[in-house]
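First up is the structure itself, then whatever we jot down about it.
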Amino acid sequence: MSAALNRPAIRALVVKDWQLFEKQLAAYVLAGIGALALIGHAQRWSFYVGSLMLIIIMVAVACFAVSTSLLNERKDKTLAFVMSLPVSPLDFYLAKLIGNLITFGLPFLILAGGAVAVTLSTPVPDGLITLVLLLCAHQLLAFCLSLCVAMQVESEGWNIFAMIGSSVLINPLMAGLSQIPDIARHWPTNEVVWSWQALAILAAQLLLSLALLGYTSWRHLRKQAFY
Amino acid sequence: MTPAFRLRGVSKRYEPFVLEALDLDLPEGQIMGLVGVNGAGKTTLLRLLAGLTLPDTGSVEVLGLAMPREQVRVKQQLGLASEDMRLYGSQTLAWHMDFMRRFYPEWDAAYAQHLLRRFDLRAEQKLAGCSHGQRVKALLLLTLARRPRLLLLDEPTTGLDPVARAEVLEALAEVLLDERRSVLFSSHQTQEVERLADRIGFLHAGRLLACEDKESYLGRWRRLVGQGSVDELVSGWPEVAQLRRSGSQIELRVREHGEALLQRLAGAGLQLRQCEPMSLEEIFVTTVRNESRREGALA
Numbered sequence: 001m002s003a004a005l006n007r008p009a010i011r012a013l014v015v016k017d018w019q020l021f022e023k024q025l026a027a028y029v030l031a032g033i034g035a036l037a038l039i040g041h042a043q044r045w046s047f048y049v050g051s052l053m054l055i056i057i058m059v060a061v062a063c064f065a066v067s068t069s070l071l072n073e074r075k076d077k078t079l080a081f082v083m084s085l086p087v088s089p090l091d092f093y094l095a096k097l098i099g100n101l102i103t104f105g106l107p108f109l110i111l112a113g114g115a116v117a118v119t120l121s122t123p124v125p126d127g128l129i130t131l132v133l134l135l136c137a138h139q140l141l142a143f144c145l146s147l148c149v150a151m152q153v154e155s156e157g158w159n160i161f162a163m164i165g166s167s168v169l170i171n172p173l174m175a176g177l178s179q180i181p182d183i184a185r186h187w188p189t190n191e192v193v194w195s196w197q198a199l200a201i202l203a204a205q206l207l208l209s210l211a212l213l214g215y216t217s218w219r220h221l222r223k224q225a226f227y
Numbered sequence: 001m002t003p004a005f006r007l008r009g010v011s012k013r014y015e016p017f018v019l020e021a022l023d024l025d026l027p028e029g030q031i032m033g034l035v036g037v038n039g040a041g042k043t044t045l046l047r048l049l050a051g052l053t054l055p056d057t058g059s060v061e062v063l064g065l066a067m068p069r070e071q072v073r074v075k076q077q078l079g080l081a082s083e084d085m086r087l088y089g090s091q092t093l094a095w096h097m098d099f100m101r102r103f104y105p106e107w108d109a110a111y112a113q114h115l116l117r118r119f120d121l122r123a124e125q126k127l128a129g130c131s132h133g134q135r136v137k138a139l140l141l142l143t144l145a146r147r148p149r150l151l152l153l154d155e156p157t158t159g160l161d162p163v164a165r166a167e168v169l170e171a172l173a174e175v176l177l178d179e180r181r182s183v184l185f186s187s188h189q190t191q192e193v194e195r196l197a198d199r200i201g202f203l204h205a206g207r208l209l210a211c212e213d214k215e216s217y218l219g220r221w222r223r224l225v226g227q228g229s230v231d232e233l234v235s236g237w238p239e240v241a242q243l244r245r246s247g248s249q250i251e252l253r254v255r256e257h258g259e260a261l262l263q264r265l266a267g268a269g270l271q272l273r274q275c276e277p278m279s280l281e282e283i284f285v286t287t288v289r290n291e292s293r294r295e296g297a298l299a
């Protein structure tokens, strides 16, 4: 297969995905800002409601990006239309990867950045930053896993399982982190402490995310059918 | 002259379907109609040519370029409209036309406007609100306005009402006037194939049963009606595709009509009353039934 990339085509496909989903993504970001406002209110009830809302919105953004740009394209039979255009499987794959990283990444970065800013600039204890970032990194990992499964597996059931399964693992992660004293004991304080355990978990989450993207690329370029 | 496409030993297996090693050429500027029942392999063949699926064996060359290696260059000059291909329902036809323009420098905006009027479509209407016929016409518009050198159409008129079908066929007939443009289209509607195609390909159960010039192919088939005491062995002659008796009347469908055959049939006892050409539909049904019987006998 020709290795030369068709950059204008990749750009056109990324813009297409953005145009298709921009309104919904804007709605997610607005809802996320609402959740951040609740967290920043720094009342016990508003903190819990806001945190829960933020997690739900991040999960929804990840599921939305993957399901609309990949699963629905297959289900709605628009994939054959796109693949009949002058693009190679590599162009298509890169466009989907970039498109997904943008459609998920932009709201994700806004919301994750907002969560960090709210934690540092309001009466919410600064020590929670480690928890906030580890939970955000988990969402990134869950997104990469869902993306990987959506690129390889056509079964809707398996894709839903991957999306929900990876996202709900946030609960055991929170429970597990709270059991590590070197991480959890700094949460109620205003001191941001990155213990070696917190750094190791963060590094593992990021490396695993990258590995999943690499594996997805390797598998996708060996596909036999594109419709 | 470079052929529009050339397939050599191309096979593809999806359990339980198998497209058997296929050799097929289409000279540039010709129109080939592909006929076959559901599951015969027509869509698979079109997908192989469009690079939507890769062959298990063999080589595919389109417009002189090897697939899938040169698929981007091929797709620049190729238009595919398939029955199972959909556009984005949440977007308008105008959005789709703008999207296509980014991929095809040859995009003919004036022709797109002409087709818009001809097909009675509204550019600002969202595809989700369109009827099936409007969606098919919208896809054809997007395919034709890129001015492809090779046009691949998979069941282009399936599900259309008679008026929409006539509009689509008229637009296709107009496109086919361009002698440099090659077309491969599949259809259940044998009348359409008979009307539009220069060449005819018969696919059945993943095998190409016939592929040749339409006039000479239709010219070889005849329906013979007569009487007499014709031996049952005649049905085994290679020229005879079917022999049926109805009372004293005998009907033969022959695939290699000629004076020599008529003399042999007369020698076998046939008193010929009628000899008439057959429609493509009659030939198609006869061929498929013969194949099914042959496969049944082998099994």
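Heads up: the protein sequence lines correspond to chains A and B, in order. For the first sequence, the numbering used here assigns the number 1 to the initial residue and increments by one for each residue that follows. For the second sequence, the numbering used here assigns the number 1 to the initial residue and increments by one for each residue that follows. Yeah, the Cβ is synthetic: ideal placement off N, Cα and C, and Gly gets one too. Keep in mind the model is a prediction, meaning the values are calculated, not measured.
Limits of the unbroken beta strand (DSSP E) element including residue i
{"i": "Arg222/B", "result": "222-227"}
{"i": "His204/B", "result": "199-204"}
{"i": "Val193/A", "result": "Note, Val193/A: premise wrong, no beta strand (DSSP E); not H, not E."}
{"i": "Ser246/B", "result": "240-246"}
{"i": "Asp25/B", "result": "17-26"}
{"i": "Cys211/B", "result": "207-213"}
{"i": "Tyr14/B", "result": "5-14"}
{"i": "Thr57/B", "result": "57-62"}
{"i": "Met163/A", "result": "Counting along the chain, Met163/A falls outside any beta strand (DSSP E), though it belongs to the alpha helix (DSSP H) covering 156-168."}
{"i": "Ala81/B", "result": "78-82"}
{"i": "Glu167/B", "result": "Looking at the DSSP string, Glu167/B is not in any beta strand (DSSP E); the run it does join, the alpha helix (DSSP H), is 162-175."}
{"i": "Ala128/B", "result": "Element bounds for Ala128/B: n/a, residue is neither H nor E."}
9 Å Cβ cut-off: residues of chain D touching residue i
{"i": "Met97/B", "result": "Annotation note: the requested chain D is absent from the structure, which comprises protein chains A and B."}
Residue burial classification, residue i (beta-carbon count within 10 angstroms, cutoff 16)
{"i": "Thr157/B", "result": "buried"}
{"i": "His186/A", "result": "buried"}
{"i": "Gln139/A", "result": "buried"}
{"i": "Pro238/B", "result": "exposed"}
{"i": "Pro86/A", "result": "buried"}
{"i": "Met151/A", "result": "buried"}
{"i": "Thr189/A", "result": "exposed"}
{"i": "Gly226/B", "result": "buried"}
{"i": "Ile180/A", "result": "exposed"}
{"i": "Met1/B", "result": "exposed"}
{"i": "Val66/A", "result": "buried"}
{"i": "Ala117/A", "result": "exposed"}
{"i": "Arg57/B", "result": "In the sequence as presented, Arg is not what sits at residue 57/B; that position holds Thr. It counts as exposed."}
{"i": "Pro68/B", "result": "buried"}
{"i": "Trp45/A", "result": "exposed"}
{"i": "Asn171/A", "result": "exposed"}
{"i": "Gln189/B", "result": "buried"}
{"i": "Asp154/B", "result": "buried"}
Whole-angstrom C-beta distance between residue j and residue i, which should lie under 8 Å
{"i": "Phe143/A", "j": "Thr68/A", "result": "Actually they are not in contact, since the Cβ atoms of Phe143/A and Thr68/A sit about 13 Å apart, beyond 8 Å."}
{"i": "Cys148/A", "j": "Leu212/A", "result": "5 Å"}
{"i": "Leu80/B", "j": "Ser84/A", "result": "4 Å"}
{"i": "Asp91/A", "j": "Leu5/A", "result": "6 Å"}
{"i": "Val60/B", "j": "Leu48/B", "result": "6 Å"}
Delimiting residues of the alpha helix (DSSP H) encompassing residue i
{"i": "Val15/A", "result": "7-40"}
{"i": "Gln263/B", "result": "259-267"}
{"i": "Glu195/B", "result": "First, the residue type needs correcting, since residue 195/B is Arg and not Glu in the sequence shown. Note, Arg195/B: alpha helix (DSSP H), 190-196."}
{"i": "Met53/A", "result": "44-66"}
{"i": "Asp182/A", "result": "181-184"}
{"i": "Asp98/B", "result": "93-101"}
{"i": "Thr103/A", "result": "89-121"}
{"i": "Ser146/A", "result": "129-152"}
{"i": "Leu48/B", "result": "42-50"}
{"i": "Ala145/B", "result": "Per DSSP, Ala145/B belongs to no alpha helix (DSSP H) and is neither H nor E."}
* Taking one C-beta from the region 8-25 of chain A and one from the region 85-95 of chain A each time, how about it: are there three or more such pairs within less than 8 Å? -> Segments in contact, yes.
* Using a beta-carbon distance cut-off of less than 7 Å, what residues from the region 48-77 of chain B approach chain A? -> For the region 48-77 of chain B, which is checked against every Cβ of chain A, the residues closer than 7 Å are Ala50, Leu52, Thr53, Leu54, Pro68, Arg69, Glu70, Gln71, Val72, Lys75, Gln76.
* Inter-stretch contact at 8 Å, needing at least 3 Cβ pairs: the region 253-269 of chain B / the region 211-230 of chain B -> Inter-segment contact for the region 253-269 of chain B and the region 211-230 of chain B is present: three or more beta-carbon pairs are separated by less than 8 Å.
* Evaluate the contact criterion for the region 57-74 of chain A versus the region 104-112 of chain A: three or more CB pairs, one atom per stretch, below 8 Å. => Of all C-beta pairs linking the region 57-74 of chain A to the region 104-112 of chain A, three or more are shorter than 8 Å, placing the two stretches in contact.
* Decide if the region 43-63 of chain B is in contact with the region 106-117 of chain B; the criterion is three or more beta carbon pairs, one per stretch, under 8 Å apart. => Taking 8 Å as the limit for Cβ pairs, the verdict is that the region 106-117 of chain B does not touch the region 43-63 of chain B.
* Asked: Are the region 180-196 of chain B and the region 146-160 of chain B touching, with three or more C-beta to C-beta distances below 8 Å?
  -> Segments in contact, yes.
* To do: Specify whether the region 183-199 of chain A and the region 120-132 of chain A touch according to this definition: at least 3 beta carbon pairs, one from each stretch, less than 8 Å apart.
  => With contact defined as three or more Cβ pairs closer than 8 Å, the region 183-199 of chain A and the region 120-132 of chain A are in contact.
* Asked: Do the region 188-195 of chain B and the region 25-43 of chain B make contact, defined as three or more Cβ pairs closer than 8 Å?
  -> Contact annotation: the region 188-195 of chain B touches the region 25-43 of chain B, with at least three C-beta pairs closer than 8 Å.
* What residues in the region 83-94 of chain B bring their beta carbon closer than 8 Å to a beta carbon of chain A? -> Those residues of the region 83-94 of chain B placed with their C-beta closer than 8 Å to a C-beta in chain A are Asp84, Met85, Arg86, Leu87, Tyr88, Gly89, Ser90, Gln91, ordered along the chain.
* Are the region 70-84 of chain A and the region 81-89 of chain B in contact at 8 Å, needing three or more beta carbon pairs? -> Counting Cβ pairs under 8 Å, three or more are found: they touch.
* **Contact set between the region 13-26 of chain B and chain A, restricted to residues whose Cβ is under 9 Å from the partner** => Going along the region 13-26 of chain B in chain order, one finds Tyr14 with a Cβ nearer than 9 Å to chain A.
* For the 8 Å Cβ check, are there 3 or more pairs between the region 131-138 of chain B and the region 156-170 of chain B? -> A contact exists between the region 131-138 of chain B and the region 156-170 of chain B.
* **chain A contacts from the region 164-190 of chain B (Cβ-Cβ distance under 8 Å)** => Close to chain A, meaning a Cβ-Cβ distance shorter than 8 Å, is no residue of the region 164-190 of chain B at all.
* To do: Report yes or no: do the region 284-294 of chain B and the region 267-276 of chain B share at least 3 C-beta pairs separated by less than 8 Å?
  => Contact check between the region 284-294 of chain B and the region 267-276 of chain B: fewer than three CB pairs, one atom from each, fall below 8 Å, which does not count as touching.
* Proximal residues, the region 115-132 of chain B versus chain A, C-beta separation under 8 Å -> The residues in question: there are none.
* To do: For the region 217-233 of chain B, enumerate the residues whose C-beta is nearer than 9 Å to any C-beta of chain A, in chain order.
  => Going along the region 217-233 of chain B in chain order, one finds no residue with a Cβ nearer than 9 Å to chain A.
* Determine which residues of the region 57-81 of chain A have a Cβ less than 7 Å from any Cβ of chain B, and write them out in chain order. => The region 57-81 of chain A vs chain B, Cβ under 7 Å: Asp76, Lys77, Thr78, Ala80, Phe81.
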